[in-house]
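Let me begin by presenting the structure, written as structure tokens, before commenting on it.
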Amino acid sequence: MAENIYDRVNDFGSVKISLASPNDIRSWSFGEVKKPETINYRTYRPEKDGLFCERIFGPERDYECACGKYKGTKFKGIICDRCGVKVTHSRVRRKRMGHINLAAPVVHIWFFKAIPSHLGNLLGMKTSDLEKVVYFQDYVVTDPGDTELKERQLLTEDEYRHAYEQYGSKFTAMMGAEAVKELLMTLDLHALNDEIRLDITKTRSKQKIKDLSKRLRIVEQIRHSENKPEWMILDVVPVIPPDLRPLVLLESGNFATSDLNDLYRRIINRNNRLKKLMDLNAPEVIIRNEKRMLQQSVDALFDNGRCRRPVLGSSSRPLKSLTDMIKGKQGRFRENLLGKRVDYSARSVIVVGPRLKLHQCGLPKKIALELFQPFIIRKLKELGHADTIKSAKKMLERKDEEVWDILEMVIQNHPVLLNRAPTLHRMGIQAFEPTLVEGNAIHLHPLVCKGFNADFDGDQM
Numbered sequence: 001m002a003e004n005i006y007d008r009v010n011d012f013g014s015v016k017i018s019l020a021s022p023n024d025i026r027s028w029s030f031g032e033v034k035k036p037e038t039i040n041y042r043t044y045r046p047e048k049d050g051l052f053c054e055r056i057f058g059p060e061r062d063y064e065c066a067c068g069k070y071k072g073t074k075f076k077g078i079i080c081d082r083c084g085v086k087v088t089h090s091r092v093r094r095k096r097m098g099h100i101n102l103a104a105p106v107v108h109i110w111f112f113k114a115i116p117s118h119l120g121n122l123l124g125m126k127t128s129d130l131e132k133v134v135y136f137q138d139y140v141v142t143d144p145g146d147t148e149l150k151e152r153q154l155l156t157e158d159e160y161r162h163a164y165e166q167y168g169s170k171f172t173a174m175m176g177a178e179a180v181k182e183l184l185m186t187l188d189l190h191a192l193n194d195e196i197r198l199d200i201t202k203t204r205s206k207q208k209i210k211d212l213s214k215r216l217r218i219v220e221q222i223r224h225s226e227n228k229p230e231w232m233i234l235d236v237v238p239v240i241p242p243d244l245r246p247l248v249l250l251e252s253g254n255f256a257t258s259d260l261n262d263l264y265r266r267i268i269n270r271n272n273r274l275k276k277l278m279d280l281n282a283p284e285v286i287i288r289n290e291k292r293m294l295q296q297s298v299d300a301l302f303d304n305g306r307c308r309r310p311v312l313g314s315s316s317r318p319l320k321s322l323t324d325m326i327k328g329k330q331g332r333f334r335e336n337l338l339g340k341r342v343d344y345s346a347r348s349v350i351v352v353g354p355r356l357k358l359h360q361c362g363l364p365k366k367i368a369l370e371l372f373q374p375f376i377i378r379k380l381k382e383l384g385h386a387d388t389i390k391s392a393k394k395m396l397e398r399k400d401e402e403v404w405d406i407l408e409m410v411i412q413n414h415p416v417l418l419n420r421a422p423t424l425h426r427m428g429i430q431a432f433e434p435t436l437v438e439g440n441a442i443h444l445h446p447l448v449c450k451g452f453n454a455d456f457d458g459d460q461m
């Protein structure tokens, strides 16, 4: 896979989330992760084909292969014939992904346990019924054939046995994600779209119209996109780059590891065990149980909080899954993509400044010194107080008398922007003429509070 696709990560206008096909997931990957091991505890080097494998994810040391045969930038781009590691920069370990080929398909938890359940709406099944099929409690009829059974009808173990005695192989009933995938693959979205529209015109029940409209919306969304319904069932699980789920050696000699490594390890262990049992032609009951356990381990990786029994860590707390990493205030979107740390900014508690003019704010000297640092350094050089930037910075650190005089000059021509979160309308950010004040709190005129929705009970700006 070409690495230059990663070189323009800042060149984007928006982020769109859509279904990934199995081919997409494999195209992102640099290799299959086959072993649950992370690192060798004697050499502290990644295990081959494991969760930190250098052949898949890239070298741990800059421009050095795993076995040490090639060292230095002169060998850049060469793949070592001994260890199979490509000689490149170690930062690729933040970008390169791997994958796990599953021995049996699993349902993506976001699509059948979310509210509303997209899979349930698409197939016209209750979430509770879908759950029974996915976790191998009941059979679902995928092809009724020439029998009295109906498509998507649920059958218990006894009912299935009775139907099999009665009809033989005239019908097909399945369990687990394979059954759901079969139902999705046989869906004719165009015919389903026409059928739902006809049902909406016929019914008079408001609740039924509401339910049918939800179903129609999902059918339309999939129909008008390039996505296929069966992509909601996973045959392959992507493995995120190792530097995003680090394993750190502590001073005590113990290792601190990301929860994701434990969740991936469970999937690989169960997947390998299922492959072995299938090769040995183990009884159907054992294979079914192993498939259910594989489904639960993939559920825990994607959204541990939504599982009926979350996977617990050593301190009896639920392990942090991929969903926990991206959702909420500290998640990837709100914390890292939408929210950015800004240079030459400061935050402090606000207090009332009744002696200020309406267009003024009181700025603590300590904060003003930080905000206007480049302007002060330039002025110090212009006026001959300092010869170099380094000497000017030292004057700032010492807080010499000249610095305060220059700061007074600088703030006269430079207004500051005050912002109070949450910025719900444009009055949430306003410009003020700063005046220097003692202490650590920002002084604000009481009449401008309404626009900011601010009060003086500990608010910060």
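Read in this note's numbering, the sequence shown has 210 at position 210, and its numbers run on one by one without any break.
Quick reminder that beta carbons are idealized off the backbone N, C-alpha and C, glycines included.
Model, not experiment: these values are computed from the prediction.
Whole-Å CB distance - residue 502 paired with residue 49, under 8 Å assumed: Past the edges of the chain, shown from 1 to 461, lies residue 502, and the structure says nothing about it.
Closest residue to residue 132 among 122, 112, 118 (Cα-Cα distance): 112
Straight-line Cα distance separating residue 155 from residue 264: Their Cα atoms are separated by approximately 33 Å.
Rounded straight-line distance, which links the Cα of residue 39 to that of residue 67: 15 Å
Bridge partners - residue 29, DSSP secondary structure assignment: The partner list for residue 29 (beta bridge, DSSP) reads 97.
Runs of alpha helix (DSSP H) lying entirely within the region 127-214, each at least 4 residues, in chain order: 127-134, 157-167, 176-185, 189-202
Strand pairing of residue 429, partner residues [DSSP]: 419
Inter-residue spacing [alpha-carbon to alpha-carbon] between residue 248 and residue 262: 14 Å
Element boundaries [beta strand (DSSP E), containing residue 443]: Segment 442-444, the beta strand (DSSP E) holding residue 443.
Span separating the alpha-carbon of residue 218 from that of residue 321: 26 Å
Straight-line gap, residue 140 to residue 151 (C-alpha atoms, nearest Å): Going by the C-alpha atoms only, they are around 8 Å apart.
Buried/exposed call for residue 237, threshold 16 Cβ in 10 Å: buried
Terminal residues of the alpha helix (DSSP H) in which residue 87 lies: Counting along the chain, no alpha helix (DSSP H) covers residue 87, and no H or E run does either.
Alpha-carbon spacing of residue 178 relative to residue 76, whole angstroms: 45 Å
Cα-Cα separation between residue 373 and residue 98, rounded to whole angstroms: 46 Å
Unbroken beta strand (DSSP E) run spanning residue 255, endpoints: 255-257
The region 275-287 contacting the region 296-307, beta-carbon criterion three pairs below 8 Å: no
Burial state of residue 256 (16 or more Cβ within 10 Å): exposed
Stretch-stretch touch, CB-based, cutoff 8 Å, three pairs: the region 193-205 with the region 85-95: no
Range of the contiguous alpha helix (DSSP H) that encloses residue 294: 284-303
Extent of the continuous beta strand (DSSP E) to which residue 235 belongs: 233-239
Separation of residue 461 from residue 535, as counted between CA atoms: Any question about residue 535 goes unanswered here, given that the chain covers just 1 to 461.
Residue 295, buried or exposed, once every other Cβ within 10 Å from all chains shown has been counted against 16: buried
Whole-angstrom distance between residue 452 and residue 129, CA atom to CA atom: 50 Å
Simplified DSSP state of residue 352, which is helix, strand or coil: When DSSP states are grouped into helix, strand and coil, residue 352 belongs to the strand group.
The region 58-66 / the region 17-27 touching (three or more Cβ pairs under 8 Å): No, the region 58-66 does not touch the region 17-27.
Whole-angstrom distance between residue 428 and residue 51, CA atom to CA atom: In a straight line, the C-alpha of residue 51 is about 46 Å away from that of residue 428.
Secondary structure of residue 2, DSSP reduced to three states: Bear in mind that the predicted position of residue 2 carries a pLDDT of just 46, short of 50, making it too unreliable to give a figure here.
CB contact flag (residue 291, residue 176, <7 Å): At a Cβ-Cβ threshold of 7 Å, residue 291 and residue 176 count as neighbours.
Residue range of the unbroken alpha helix (DSSP H) whose run includes residue 449: 449-452
Distance between residue 386 and residue 301 (C-alpha atoms, nearest Å): 58 Å
Rounded C-alpha distance that separates residue 396 from residue 62: In a straight line, the C-alpha of residue 396 is about 38 Å away from that of residue 62.
Local Cβ density within 10 Å of residue 391, reported as buried at 16 or more and exposed below that: exposed
Straight-line Cα distance separating residue 106 from residue 297: 10 Å
Three-state secondary structure (DSSP) of residue 276: helix
Beta bridge counterpart(s) of residue 72 as assigned by DSSP: Among the bridge pairs identified by DSSP, residue 72 is matched with none.
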